[in-house]
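With the working numbering applied, the sequence shown closes on residue 781, and no number is skipped along the way.
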Amino acid sequence: HSMSGLYETFFLPNNGENLDLRLKLLCDAIKLVYASVYSNESREYFDAISYKIEEEKMAVVIQQIVGKSYGEHFYPIISGVGQSYNYYPVSHMEPEDGVGMIVLGLGCGVVGGGSSFRFCPKYPKIQILSDEDLLKTTQKKFLALQLGNSNVDLFAGEDATLIEYDIKQAEKDETLATVASTWIYEDNRVEPGIYERGPRLLNFANILQYDLFPLAETLRHVLYVSRAALEAPVEVEFAIERDEETKDYIFYLLQIKHFLRDMEEFSLNKAEISKSDLMLFADKGMGNGRTDDIYDIVWADPELFDKSKTEEMAYEVHSLNSLIKETGKKYILIGPGRWGTRDKWLGIPISWSNASHAKVIVEYSLEDFRVDASMGSHFFHNVTTMNIGYFSVRQDSGDGFIDWKWLRAQPALQRKKYFVHTRLSTPVSVLMDGRNGIFAIQKS
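Below you can see the structure in the form of structure tokens.
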């Protein structure tokens, strides 16, 4: 089983003049990583996979951070995640063509489910989102390591040494021009670079469209070799920085791990499915197989959704998950935006332990709340390895829908401010055909 994001990760500046203090911070970080084995998050995960904590054996990896110093902060030009299997291909892409997700700054923004730019290593010139959608969802902030505080309190958490900046800071650091483009309102077009006035979009056009350096080709090769070596689909984490002397861009491979669960032999014929019998349908998601024993649904009413209250919603999910866990049942979790994100404005910022007994997780879009699926995040990675169904319902496009009228008519076991816990008298059927992109939940 994957342990992605389960244990703590600390970024240390390691730049103070006091060597004893630097050593103490390193030792504290190692102790805190080991201690995270006993966190609620870890315990919930071990419980879900029937794993005993006393059997856990682990090493702590100490790895140099890729990047450059810009005054009192430090970060790489690009951080990213690559996956050799793409659950959400578009156009003429195939799942086996893989997918990359990249950001400006430290990669916590990708693995934490924040805003990132998605591309296909085989077809890097195809922009998956329209310019209009990209303008709404583009990365607006980036993470860097603070260098000024050498006596930081690591007990404050993983983010104790990190600082979040608006991308305007990257313009001052002279790193933004490499990765950004500008929206020209007058001409309704996007111009690579930041030489014009207008909103900035991080679409990495100079790299992916105009080959400033061969990122897509390099990532494609790394994924191919890694997949062949591990004999299974893989996920890699990487960073890119420019060499001061040669001016060459260097690709740093940071991590490789397995990515993908076994798929059952199960297929559906879309033409044979009657949508009137369905509570939900999605053409994007992951999972394969059929489940006929789910009675419980935890769902966020779209009429009550408030994007400024997602942290309250996360607490409600945690509370309901704990109650259902006591019964030993599994449930379907339905909510807007991106699940498991670090950014509360992109979705509901739950951790894995908050939804540990969900068998199916559904994210849906709203007219004023359209967010790409949670690929690349540690939350998403754990979903794939735990054999949990994951559906992405775009109600404004395609065939995706949720029958809210039917759902509201079912008996509510418990109502909270934003979420409803429905318990049915007869179970629904969950149908997942990941190979053909058919995901449905039949009414009971």
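Backbone N, C-alpha and C fix where the C-beta goes; we use that ideal spot for every residue, glycine too.
Since we're looking at a predicted model, the values are computed, not measured.
- In its own chain, which residues sit with a C-beta less than 8 angstroms from the C-beta of residue 421, not counting the 5 before and 5 after it? Translated into positions along the sequence shown, residue 421 becomes position 84. Result list for residue 421: 433, 435, 560, 561, 563, 564, 570, 571, 572 and 596, in chain order.
- Task: Give the single residue among 479, 485, 521 and 523 whose Cα lies nearest to the Cα of residue 513.
- Result: Here residue 513 refers to the residue found at position 176 of the sequence shown. Looking at the Cα atoms, 479 is the closest of the given residues.
- Message: Please report whether the beta-carbon of residue 451 lies at a distance below 8 angstroms from any beta-carbon of chain D.
- Response: In the structure shown, chain D cannot be found, because there is only a single protein chain.
- Task: Answer yes if the segment 651-667 comes into contact with the segment 350-357, meaning at least three C-beta pairs across the two stretches below 8 angstroms, and no otherwise.
- Result: The segment 350-357, when compared against the segment 651-667, does not touch it at the 8 angstroms Cβ threshold.
- Task: Would you mind sorting residue 690 into buried or exposed? The rule is 16 or more other CB atoms within 10 Å of its CB.
- Result: Sequence index remark: in the sequence shown, residue 690 carries index 353 (1-based). Classified as buried, residue 690 has 16 or more neighbouring CB atoms from the shown chains inside 10 Å of its CB.
- For residue 681, I'd like the list of residues in its chain whose CB is within less than 6 angstroms of its CB, leaving aside the five on either flank, ordered along the chain. For the purposes of this step, residue 681 is taken as the residue at position 344 of the sequence shown. Around residue 681: 647 and 648.
- Query: Is it true that the CB of residue 772 sits closer than 8 angstroms to the CB of residue 625?
  - Reply: The residue given as residue 625 occupies position 288 in the sequence shown. The residue given as residue 772 occupies position 435 in the sequence shown. Result yes, Cβ atoms of residue 625 and residue 772 sit closer than 8 angstroms.
- Message: Given a cut-off of 8 angstroms on the beta-carbon distance, is the pair residue 296 and residue 455 in contact?
- Response: Residue 296 is absent from the structure shown; the chain starts at 338 and stops at 781.
- Task: Evaluate residue 395 with the Cβ neighbour count: other Cβ atoms within 10 Å of its Cβ, from every protein chain shown; 16 or more gives buried, anything less gives exposed.
- Result: Here residue 395 refers to the residue found at position 58 when the sequence shown is read from its first residue. When all chains shown are included, residue 395 counts as exposed.
- Task: Kindly indicate which three-state DSSP category residue 625 falls into: helix, strand or coil?
- Result: The residue labelled residue 625 in the question sits at position 288 within the sequence shown. Of the three classes helix, strand and coil, the one that applies to residue 625 here is strand, per DSSP.
- Item | Option in 732, 654 and 705 with minimal Cα separation from residue 698 | Position 361 of the sequence shown, counting from 1, holds the residue named residue 698. Comparing Cα positions, the closest option is 654.
- Going by beta carbon distance, what residues of the same chain come within less than 8 angstroms of residue 662, once the five residues before and after it are set aside? As a position in the sequence shown, residue 662 is number 325, starting the count at 1. Excluding positions up to five away in sequence, the list reads 693 and 694.
- Exposure label - residue 345; buried when at least 16 CB within 10 Å: Within the sequence shown, residue 345 is the residue found at index 8, counting from 1. That one is buried.
- Let me know the secondary structure DSSP gives residue 679 once reduced to three states. In the sequence shown, the residue the question calls residue 679 occupies position 342. Of the three classes helix, strand and coil, the one that applies to residue 679 here is coil, per DSSP.
- Task: Can you tell me which of the three DSSP states residue 345 falls into?
- Result: Within the sequence shown, residue 345 is the residue found at index 8, counting from 1. In the three-state reduction of the DSSP assignment, residue 345 falls in the coil class, being assigned neither a helical nor a strand state.
- Message: Taking a contact to mean a Cβ-Cβ separation below 8 angstroms, would you say residue 617 touches residue 447 in this structure?
- Response: Stepping through the sequence shown from its first residue, residue 617 is reached at position 280. Stepping through the sequence shown from its first residue, residue 447 is reached at position 110. By the CB criterion at 8 angstroms, residue 617 and residue 447 fall outside the cutoff.
- For residue 424, which residues from the same chain have a beta carbon less than 6 angstroms from its beta carbon, with the 5 sequence-adjacent residues on both sides left out? In the sequence shown, residue 424 corresponds to position 87, counting from 1. Contacts found: 623.
- Task: Find out if the Cβ-Cβ distance for the pair residue 636, residue 671 is shorter than 8 angstroms.
- Result: Locating residue 636 in the sequence shown gives position 299, counting from the first residue. Locating residue 671 in the sequence shown gives position 334, counting from the first residue. Yes, the Cβ-Cβ distance between residue 636 and residue 671 is below 8 angstroms.
- Task: Just tell me which of 380, 696 and 443 has its CA closest to the CA of residue 406.
- Result: Mapped onto the sequence shown, residue 406 falls at position 69. It is 443.
- Message: Relative to the C-alpha of residue 754, which candidate in 642, 620 and 769 has its C-alpha closest?
- Response: Walking along the sequence shown from the start, residue 754 turns up at place 417. With distances taken between Cα atoms, residue 754 lies closest to 642.
- Query: Can you tell me whether residue 473 is buried or exposed, with buried defined as 16 or more other CB within 10 angstroms of its CB?
  - Reply: Within the sequence shown, the letter at position 136 stands for residue 473. Exposed, by the Cβ-count rule.
- Task: Please look up how many angstroms separate the CB atoms of residue 778 and residue 576, rounded, as I've assumed it's under 8 angstroms.
- Result: Your numbering for residue 778 matches position 441 in the sequence shown. Your numbering for residue 576 matches position 239 in the sequence shown. About 40 angstroms separates the two Cβ atoms, so there is no contact after all.
- Write down every uninterrupted run of the alpha helix (DSSP H) in the segment 511-554 whose length is 4 residues or greater and which is fully enclosed by it, in chain order. 513-516 and 542-545
- For residue 440, is the classification buried or exposed, using 16 other Cβ atoms within 10 angstroms of its Cβ as the cut-off for buried? To locate residue 440, count along the sequence shown from 1; it is residue 103. Counting Cβ neighbours within 10 Å, residue 440 comes out buried, since at least 16 surround it.
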